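Below, the structure written as structure tokens:
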């Protein structure tokens, strides 16, 4: 049986292997117990004499089994790290794509907002121009008795006369329309 010199020359307590229950350790996924043996396994045994005295077949098999479990743990850890790194890279790639698409959507939205602002500005200018044109050509009918009172239509002016100047509103309707003052503003 080949036993490496590193195991013979370094420190490791084989008595602790005697009490180790591998089945319980596997059932409970007891990584702490397994990890408690990793560093001593790396350091080895105390002396060559202790190694020879305490080494029997059962302890040796337990030691081999412990080493196998340690290797499996390291393999699992390595695979876990690799899959975690792969997942992180995939998530980073997806997030980069999402950021890129949202940035392009933001740029498009900003362009659309700018175009809408320009349309609103031109529409406001057009509205002001139309309003000014309409006010220039609008006929206003002023009251002959009140200062500053003007109406957009004859029926409104007639209603004003009937409410406020009933005593002066005795003229026939045809005469009334002839006496209206038309003001251009």
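Residue numbers (this note's numbering): 157 to 341.
All C-beta atoms in this analysis are idealised placements derived from N, C-alpha and C, irrespective of residue type, glycine included.
Keep in mind the model is a prediction, meaning the values are calculated, not measured.
Exposed unless 16 or more other CB atoms sit within 10 angstroms - verdict on residue 313: In the chain shown, residue 313 corresponds to position 157, counting from 1. Classification of residue 313: buried, given that the 10 Å Cβ count is 16 or more.
Ordered list of alpha helix (DSSP H) runs contained in the segment 220-296, each at least 4 residues: Correct list: empty.
N- and C-terminal bounds of the alpha helix (DSSP H) containing residue 180: As a working note, residue 180 is residue 24 in the chain shown. 178-183 is the span of the alpha helix (DSSP H), which, as asked, contains residue 180.
Coarse secondary structure for residue 320, derived from DSSP in three states: Locating residue 320 in the chain shown gives position 164, counting from the first residue. The three-state reading of DSSP puts residue 320 in helix, counting H, G and I together.
Buried versus exposed call for residue 187 [16 or more other C-beta atoms within 10 Å across all chains shown]: The residue labelled residue 187 in the question sits at position 31 within the chain shown. Label assigned to residue 187: exposed.
Beta-carbon gap between residue 310 and residue 301 smaller than 8 Å: Looking up residue 310 in the chain shown gives position 154. Looking up residue 301 in the chain shown gives position 145. No, they are not a contact pair.
Contact the segment 252-262 vs the segment 272-279: 3+ CB pairs below 8 Å: Contact fails between the segment 252-262 and the segment 272-279, because fewer than three Cβ pairs, one in each stretch, are under 8 Å apart.
Per-residue burial, residue 219 [other beta carbons within 10 Å of its own, 16 or more giving buried]: Translated into the one-based positions of the chain shown, residue 219 becomes position 63. With 16 or more Cβ atoms within 10 Å of its Cβ, residue 219 is classed as buried.
Between the CA atoms of residue 274 and residue 257 - distance to the nearest angstrom: By 1-based counting over the chain shown, the position of residue 257 is 101. By 1-based counting over the chain shown, the position of residue 274 is 118. If you draw a straight line from the Cα of residue 257 to the Cα of residue 274, it comes to about 26 Å.
Backbone CA spacing between residue 292 and residue 282 [nearest angstrom]: Position 136 of the chain shown, counted from the first residue, corresponds to residue 292. Position 126 of the chain shown, counted from the first residue, corresponds to residue 282. Roughly 15 Å separates the two Cα atoms.
Rounded C-alpha distance that separates residue 253 from residue 286: The sequence position of residue 253 within the chain shown is 97, counting from 1. The sequence position of residue 286 within the chain shown is 130, counting from 1. Rounded to whole angstroms, residue 253 to residue 286 spans 49 Å at the Cα level.
Cα-Cα separation, residue 225 to residue 243: As a position in the chain shown, residue 225 is number 69, starting the count at 1. As a position in the chain shown, residue 243 is number 87, starting the count at 1. Going from the Cα of residue 225 to the Cα of residue 243 covers about 26 Å.
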